[in-house]
Amino acid sequence: MSSRVHQWIAMPGWLILCGALLAVLLLIQITSLHHKGLTTDEPLHYVYGYRVLNGAPERTSALNSSTMPFSSVHAMTSINLAVFARTAGLPLDTSWNGQVTRGRYAAIALSLLLALYVLKWSYELYGRNGALLSLSLYVFDPNLLAHGQLVTADLPAALMTTIALYHFWHFLKLGGKRRALFSAVTLGLSQLAKYSCVYLYPIFLAIAAIYDRFRPATEGIEADQSHSLSWNLRHWFIVITFFAAVSIVTINLGFWLAGIGTPLSGYTLKDAFFKKLQAIPIVRNLPLPLPAPYVRGLDLVKFEEKMGEAWGNIYMAGQLRVNHHDGTLRGFPGYYFYAAFFKVPIAKQIIFLMALVGYFSRRRQPAARGVRRDEIFLLVPIFLYWIYFNFLFNAQIGIRHVLPVFALATIFCGRFLATPESKPRKYIAVILVIWAAASALSYYPHFISYFNEFVPDRKLAYRHLADSNLDWRGNEWYLTEYIRRHPGVIVDPHRPQAGRIVVPINALVGVNRPPEEYRWLREHFTPVDHIAYSYLVYDVPKEMLPHSKGNSQGPKELPQGTCY
24 MSSRVHQWIA MPGWLILCGA LLAVLLLIQI TSLHHKGLTT DEPLHYVYGY
74 RVLNGAPERT SALNSSTMPF SSVHAMTSIN LAVFARTAGL PLDTSWNGQV
124 TRGRYAAIAL SLLLALYVLK WSYELYGRNG ALLSLSLYVF DPNLLAHGQL
174 VTADLPAALM TTIALYHFWH FLKLGGKRRA LFSAVTLGLS QLAKYSCVYL
224 YPIFLAIAAI YDRFRPATEG IEADQSHSLS WNLRHWFIVI TFFAAVSIVT
274 INLGFWLAGI GTPLSGYTLK DAFFKKLQAI PIVRNLPLPL PAPYVRGLDL
324 VKFEEKMGEA WGNIYMAGQL RVNHHDGTLR GFPGYYFYAA FFKVPIAKQI
374 IFLMALVGYF SRRRQPAARG VRRDEIFLLV PIFLYWIYFN FLFNAQIGIR
424 HVLPVFALAT IFCGRFLATP ESKPRKYIAV ILVIWAAASA LSYYPHFISY
474 FNEFVPDRKL AYRHLADSNL DWRGNEWYLT EYIRRHPGVI VDPHRPQAGR
524 IVVPINALVG VNRPPEEYRW LREHFTPVDH IAYSYLVYDV PKEMLPHSKG
574 NSQGPKELPQ GTCY
């Protein structure tokens with residue numbers, strides 16, 4: 024039997040497996056929403072999306088500085104589902120929570136779309152087995168599961184980053200005006216998803232420079248032209264101008280052309296960089312071809328990221344850095360490296376590292392040069408985003424900010440089974456995927472709080488990370504149920520008390536409270552239980568309380584770390 028016939032016969036089975044994995048993803052996403060309340064940021068994103076949908080994209084305060092027009096997809100979905108429910112006579116939750124919750128189904132649809140792009144890109148690079156591996160790791164990635172069902176900007180940012188890079192790859196590889204237009208439009212749409220996507224512009228330039236530098240002399244253009252400086256300058260000037268123009272048009276349409284043409288002198292700016300631009304006489308009076316809400320949001324996001332007014336203290340590895348909201352706060356270098364070490368399934372880390380080793384170990388093989396050149400569309404953004412977020416980004420409040428990196432890394436993991444693959448590698452891949460799936464599903468439905476097996480006692484995960492890595496609200500139903508089953512429990516007492524104590528994790532470590540408030544509890548007691556990983560339960564004997572209620576230093580004779 025020829026190889027082509029064998030592949031044709033095997034194709035239906037591969038499609039069935041892919042379909043089954045997508046069905047599993049959909050099932051996990053929908054069922055894990057049961058009893059889940061709204062997270063901290065979802066109402067803000069939904070409200071802004073609703074306003075954009077009604078033609079009012081203006082920024083009303085710093086609170087909605089990072090909300091984007093992409094959230095209108097969530098609002099539109101919620102409205103349409105409500106109309107359908109009324110028409111069909113189905114029960115409908117008309118409360119505020121019900122409206123936002125319905126918007127989550129749009130997030131799930133976007134998550135499925137991202138899964139398809141992961142599958143497609145990995146298939147084109149690594150073949151069927153590599154694509155199946157990438158899709159499996161996507162379906163059982165707890166971070167993508169957690170944020171792939173929320174009305175926020177994190178999953179849309181991962182989606183549009185992936186889509187924009189994929190179509191840019193197609194354009195540079197195959198050329199053509201249609202591909203150029205599609206690439207430029209998706210790049211523009213990414214700017215409506217999240218402000219961090221603005222870094223795609225320098226990333227695109229870096230990729231284009233590297234890709235063109237290693238272009239074979241016979242690919243696409245004649246050899247003499249490929250070394251012509253004037254030809255290259257003219258070509259790239261046209262491409263850059265076209266992409267910039269399409270981006271500007273797309274951004275303006277996304278913000279309903281609101282305030283287009285307003286010069287910098289017409290803004291009340293806060294960020295130091297934009298203020299310096301505003302102070303330049305020639306620049307300040309030039310009409311900007313961008314909508315005013317987009318410019319104001321960009322200024323506010325940069326200012327808020329520096330001043331930290333939109334979030335509390337930052338925490339890592341038991342250390343707390345107090346946010347005074349005055350620009351003096353500096354993050355932990357390597358925060359997202361540390362977070363990924365604990366919050367990405369160990370099996371996925373192994374596969375990615377082995378794929379990375381394979382990338383560098385085979386660099387001299389002529390047959391692998393084409394694929395390696397194509398993989399810069401994955402590795403360059405991973406590297407640049409990773410450097411930026413780990414060393415230049417102050418808002419260290421959750422691993423959700425690097426979801427685009429995880430999506431691209433998931434595609435790159437397909438290299439582990441790139442054709443030609445060996446049987447031992449297939450067996451290893453199956454074992455690792457099963458491990459990743461078991462690890463992720465063991466946290467069902469609380470994927471936000473996922474920590475891998477490097478944290479064997481899940482009650483102690485707070486010693487490593489907090490904030491939206493562990494508790495982003497939404498688990499109030501589980502707390503209510505625990506109180507119902509355990510009458511007399513004391514919830515968030517704010518001061519030393521005896522009995523069964525329940526404390527929110529972020530309050531315990533001082534992320535959103537004064538760090539001294541629960542020093543007596545966290546330094547002298549160990550939790551005996553947890554509630555949805557968001558609340559810790561302590562048993563505090565009366566004789567171990569401080570003698571004075573005003574004393575928050577803990578019991579005098581209690582050795583640190585004693586558990587009751």
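Using our numbering, read the sequence shown as starting at 24 and increasing by one per residue. Cβ atoms here follow ideal geometry from the backbone N, Cα and C, with glycine treated the same way. Fair warning: this is a prediction, and the values are worked out from it, not measured in the lab.
Residue i bridges to which residues according to DSSP?
{"i": "glycine 522", "result": "Val563"}
{"i": "histidine 553", "result": "Leu559"}
{"i": "proline 310", "result": "Pro286"}
Tell me whether residue i is buried or exposed, calling it buried when 16 or more other Cβ atoms sit within 10 Å of its Cβ.
{"i": "threonine 110", "result": "exposed"}
{"i": "glycine 36", "result": "exposed"}
{"i": "glutamine 122", "result": "buried"}
{"i": "tyrosine 501", "result": "buried"}
{"i": "glutamine 248", "result": "The pLDDT assigned to glutamine 248 is 48, lower than 50, so where the model puts this residue is not dependable, and the model offers no usable value."}
{"i": "threonine 264", "result": "exposed"}
{"i": "serine 445", "result": "exposed"}
{"i": "valine 563", "result": "buried"}
{"i": "glutamate 539", "result": "exposed"}
{"i": "glutamine 214", "result": "buried"}
{"i": "methionine 24", "result": "Because methionine 24 carries a pLDDT of 43, less than 50, the predicted location of this residue cannot be relied on, and the following value inherits that uncertainty. Exposed: under 16 other Cβ atoms inside 10 Å."}
{"i": "histidine 347", "result": "exposed"}
{"i": "serine 472", "result": "buried"}
Contact check, residue i vs residue j under 8 Å by CB: the rounded distance?
{"i": "proline 497", "j": "lysine 217", "result": "Checking the sequence shown, residue 497 turns out to be glycine, not proline. Rounded, the Cβ-Cβ distance is 21 Å, inconsistent with contact."}
{"i": "leucine 52", "j": "serine 134", "result": "Sequence check: residue 52 is glutamine here, not leucine. Indeed, because the Cβ distance is near 6 Å, the residues count as touching under 8 Å."}
{"i": "tyrosine 69", "j": "serine 88", "result": "No, tyrosine 69 and serine 88 are not in contact; Cβ-Cβ is about 16 Å, not under 8 Å."}
{"i": "arginine 127", "j": "leucine 173", "result": "7 Å"}
{"i": "tryptophan 334", "j": "isoleucine 422", "result": "Rounded, the Cβ-Cβ distance is 14 Å, inconsistent with contact."}
{"i": "leucine 148", "j": "glycine 437", "result": "6 Å"}
{"i": "leucine 168", "j": "alanine 463", "result": "7 Å"}
{"i": "asparagine 529", "j": "alanine 489", "result": "6 Å"}
{"i": "leucine 431", "j": "threonine 185", "result": "7 Å"}
{"i": "isoleucine 399", "j": "isoleucine 274", "result": "Incorrect: roughly 27 Å between the Cβ atoms, too far for contact."}
{"i": "methionine 375", "j": "phenylalanine 477", "result": "The displayed chain sequence assigns phenylalanine, not methionine, to residue 375. The pair is not a contact, with the Cβ atoms about 16 Å apart (cut-off 8 Å)."}
In the structure shown, what three-state DSSP assignment does residue i receive?
{"i": "aspartate 515", "result": "coil"}
{"i": "tyrosine 558", "result": "strand"}
{"i": "leucine 379", "result": "helix"}
{"i": "arginine 344", "result": "strand"}
{"i": "methionine 339", "result": "strand"}
{"i": "proline 527", "result": "strand"}
{"i": "arginine 82", "result": "coil"}
{"i": "glycine 199", "result": "coil"}
{"i": "arginine 392", "result": "helix"}
{"i": "threonine 62", "result": "coil"}
{"i": "aspartate 235", "result": "helix"}
{"i": "histidine 547", "result": "coil"}
{"i": "lysine 293", "result": "coil"}
{"i": "glutamate 328", "result": "helix"}
{"i": "serine 462", "result": "helix"}
{"i": "serine 253", "result": "helix"}
{"i": "glutamate 147", "result": "helix"}
{"i": "tryptophan 334", "result": "coil"}
{"i": "glutamate 504", "result": "helix"}
{"i": "asparagine 77", "result": "coil"}
{"i": "phenylalanine 266", "result": "helix"}
{"i": "tyrosine 473", "result": "coil"}
{"i": "methionine 175", "result": "The question names methionine, but residue 175 is threonine in the sequence shown. Three-state DSSP puts threonine 175 in coil, outside helix and strand."}
With 8 Å as the threshold, decide whether the Cβ of residue i is near any Cβ in chain C.
{"i": "leucine 167", "result": "The structure shown contains no chain C, having only a single protein chain."}
So the candidates are the options; which of them puts its Cα closest to the Cα of residue i?
{"i": "glycine 289", "options": "Leu276, Ile261, Val318", "result": "Val318"}
{"i": "glycine 357", "options": "Ala340, Leu256, Val478", "result": "Ala340"}
{"i": "cysteine 220", "options": "Ser270, Leu252, Leu204, Ala232", "result": "Ser270"}
{"i": "isoleucine 373", "options": "Thr433, Phe227, Val324", "result": "Thr433"}
{"i": "phenylalanine 360", "options": "Val106, His487, Asn275", "result": "His487"}
{"i": "leucine 188", "options": "Tyr222, Lys200, Asp164, Thr175", "result": "Tyr222"}
{"i": "alanine 232", "options": "Leu212, Thr117, Lys371, Phe260", "result": "Phe260"}
{"i": "leucine 61", "options": "Asp494, Met330, Ile506", "result": "Asp494"}
{"i": "proline 479", "options": "Lys366, Asp294, Ala154, Pro310", "result": "Lys366"}
{"i": "valine 567", "options": "Trp543, Tyr556, Leu379, Ser557", "result": "It should be noted that the sequence gives methionine, not valine, for residue 567. Answer by Cα proximity: Trp543."}
{"i": "alanine 418", "options": "Phe400, Ile454, Phe355, Tyr408", "result": "Phe355"}
{"i": "threonine 285", "options": "Tyr73, Ile506, Gln301", "result": "Gln301"}
{"i": "glutamate 499", "options": "Thr100, Gly533, Val324, Pro527", "result": "Pro527"}
{"i": "valine 324", "options": "Val394, Arg238, Phe416, Val512", "result": "Phe416"}
{"i": "alanine 281", "options": "Thr54, Pro92, Gly42", "result": "Pro92"}
{"i": "valine 272", "options": "Ala378, Val208, His170, Asn413", "result": "Val208"}
{"i": "threonine 503", "options": "Val141, Gly211, Ala555, Thr549", "result": "Ala555"}
{"i": "alanine 378", "options": "Ala130, Thr442, Thr351, Tyr338", "result": "Thr442"}
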